[in-house]
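J.: Below are the structure tokens for one structure; questions will follow.
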Amino acid sequence: MTDPASAVKGDSFLSKALASRSLMIGLFITLAIAVMALVSFFWVPYDVTVLPVADRMKPPSSAHLLGTDHFGRDILSMIMVGSRNSIAVALVAVGIGMGVGVPLGCWAAARGGLVDEVLMRFNDLVFAFPALLSAIMITAIFGPGAINAIIAIGIFNIPVFARVARAGALAIWPREFILAARAAGKGSALITIEHILPNIATMLLVQGTIQFALGILAEAGLSYVGLGAQPPMPSWGRMLFDAQTRMMVAPYLAIFPGMAIVVTVLGLNLLGDGLSDVLDPKLRRER
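Written as structure tokens, this is what we have:
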């Protein structure tokens with residue numbers, strides 16, 4: 045039997061979501077990019093591993109909707125294949141940051157004292173190294189590649205999620221229902237799982253969309269400087285790097301991958317902003 049309260053709550057969320065313009069636009073853009081990446085596993089207009097030099101530097105036309113690059117590869121096909129690389133890197137990196145950072149933040153909030161101080165100072169130390177600098181250090185040891193880009197971006201995400209989780213948990217620990225759970229004999233770990241995490245899930249979800257967008261930018265930046273995905277695997281950042289010396293001759297080489305990055309990041313930011321408004325009414329009122 046369906047719980048009437050749950051049904052009302054679900055209807056309320058759905059109505060708020062449909063009324064949020066930023067959420068709907070962001071969701072549409074994000075789903076469109078995700079579908080494009082999924083489709084690229086099964087079909088692309090042209091094989092990006094083939095180098096038809098005879099078709100090099102052709103402007104947009106009916107045969108090549110977005111033109112071809114200096115090797116004759118179809119730009120649309122490369123953007124489609126590059127989307128799955130960018131999404132995969134950002135998604136796994138956010139998963140690493142959330143999987144490690146959230147438990148650390150919750151542990152610091154639950155224990156307090158010396159444990160909290162040590163974890164947060166270590167957190168600050170890791171946060172002082174941007175993803176690009178981490179990637180340079182990792183590349184110097186293991187060499188460039190998508191895996192190392194994932195590790196670098198993931199390490200950078202850990203302190204972000206640790207801070208968010210700790211701040212949210214610290215605001216909940218003094219609440220009355222937590223004191224009641226303590227009085228019932230529940231330990232810190234069980235309280236964190238049953239009470240803390242469900243109450244901070246909203247802010248973690250919103251932060252996840254933000255970090256996902258930043259992960260797309262970070263992956264593009266790492267690929268631009270040659271530390272991300274390596275040829276022949278297409279990457280939006282690598283496409284921008286290859287286009288920089290041909291801007292005056294064929295500006296479309298930079299415009300289309302640049303637009304792909306901008307639209308993807310914009311969609312994720314709108315999605316995060318919309319989720320924040322719908323899931324956190326208090327924040328909405330403050331605005």
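All residue numbers for the sequence shown refer to the numbering used here, where the first residue is 45 and numbers rise by one.
Each residue gets a CB set at the ideal place from its N, CA and C atoms; glycine is no exception.
Flag this pair as yes or no: are the beta carbons of Asp168 and Asp286 separated by less than 8 Å?
T.: Walking along the sequence shown from the start, residue 168 turns up at place 124. Walking along the sequence shown from the start, residue 286 turns up at place 242. Not in contact: Asp168 and Asp286 (Cβ atoms no closer than 8 Å).
J.: For Trp87, count the other beta carbons within 10 Å of its own beta carbon; 16 or more makes it buried, fewer makes it exposed. Which is it?
T.: Start at 1 with the first residue of the sequence shown, and residue 87 comes out as number 43. Exposed is the call here.
J.: Report yes if the CB atom of Ala213 is closer than 8 Å to the CB atom of Gly149, and no otherwise.
T.: Within the sequence shown, numbered from 1, the residue matching residue 213 stands at position 169. Within the sequence shown, numbered from 1, the residue matching residue 149 stands at position 105. Yes; because the gap between Cβ atoms is below 8 Å, this pair is in contact.
J.: On the three-pair Cβ rule with 8 Å, is the region 278-285 touching the region 128-136?
T.: With a cut-off of 8 Å, the region 128-136 and the region 278-285 count as touching, because enough Cβ pairs lie within range.
J.: Comparing alpha-carbon positions, which option in Ile244, Ala76, Ala193, Ala137 lies nearest Ser320?
T.: To locate residue 320, count along the sequence shown from 1; it is residue 276. The shortest Cα separation from Ser320 among Ile244, Ala76, Ala193, Ala137 belongs to Ile244.
J.: If I measure Cβ to Cβ from Ala78 and keep anything under 8 Å in the same chain, skipping five residues before and after, which residues do I get?
T.: What you label residue 78 is simply residue 34 of the sequence shown in a count that begins at 1. Closer than 8 Å at Cβ, skipping near neighbours: Ile131.
J.: Quick one: give me the first and last residue of the alpha helix (DSSP H) that Gly302 is part of.
T.: Here residue 302 refers to the residue found at position 258 of the sequence shown. Gly302 -> alpha helix (DSSP H) spans 296-323.
J.: If you follow the alpha helix (DSSP H) that Glu263 is part of, which residue opens it and which one closes it?
T.: Residue numbering aside, residue 263 sits at position 219 when the sequence shown is read from its first letter. Taken as a continuous stretch (DSSP letters only), the alpha helix (DSSP H) holding Glu263 covers 241-268.
J.: So the alpha helix (DSSP H) Val125 belongs to, where does it begin and stop?
T.: Indexing the sequence shown from 1 puts residue 125 at position 81. Counting along the chain, the alpha helix (DSSP H) containing Val125 begins and ends at 119-155.
J.: Short check: CB of Met190 to CB of Val146, under 8 Å?
T.: On the sequence shown, residue 190 is found 146 positions in, with the first residue counted as 1. On the sequence shown, residue 146 is found 102 positions in, with the first residue counted as 1. Looking at the sequence itself, residue 190 is Ala, so the reference to Met does not match. Not closer than 8 Å, so no.
J.: Could you name the residues that DSSP lists as bridge partners for Thr112?
T.: What you label residue 112 is simply residue 68 of the sequence shown in a count that begins at 1. Per DSSP, Asp118.
J.: For Arg165, count neighbouring C-beta atoms within 10 Å of its own C-beta (all shown protein chains included) and say buried if the count is 16 or more, exposed if not.
T.: Here residue 165 is taken as the residue at index 121 of the sequence shown, counted from 1. Label assigned to Arg165: exposed.
J.: Starting from Thr236, trace the alpha helix (DSSP H) both ways and give me its first and last residue.
T.: Mapped onto the sequence shown, residue 236 falls at position 192. Premise fails: Thr236 is in no alpha helix (DSSP H) and is neither H nor E.
J.: CA-CA distance, Met283 and Ala298?
T.: Against the sequence shown, residue 283 aligns to sequence position 239. Against the sequence shown, residue 298 aligns to sequence position 254. Near 7 Å, if we compare the C-alpha coordinates of Ala298 and Met283.
J.: Quick check: Ile202 and Val170, are their CB atoms within less than 8 Å of each other?
T.: By one-based count along the sequence shown, residue 202 stands at place 158. By one-based count along the sequence shown, residue 170 stands at place 126. It is a contact, given that the beta carbons lie within the stated cut-off.
J.: Check the C-beta distance from Ser84 over to Met124 and give it rounded, since I have them as a contact under 8 Å.
T.: Indexing the sequence shown from 1 puts residue 84 at position 40. Indexing the sequence shown from 1 puts residue 124 at position 80. Between Met124 and Ser84 the Cβ distance is about 4 Å, and since that is below 8 Å, they are a contact.
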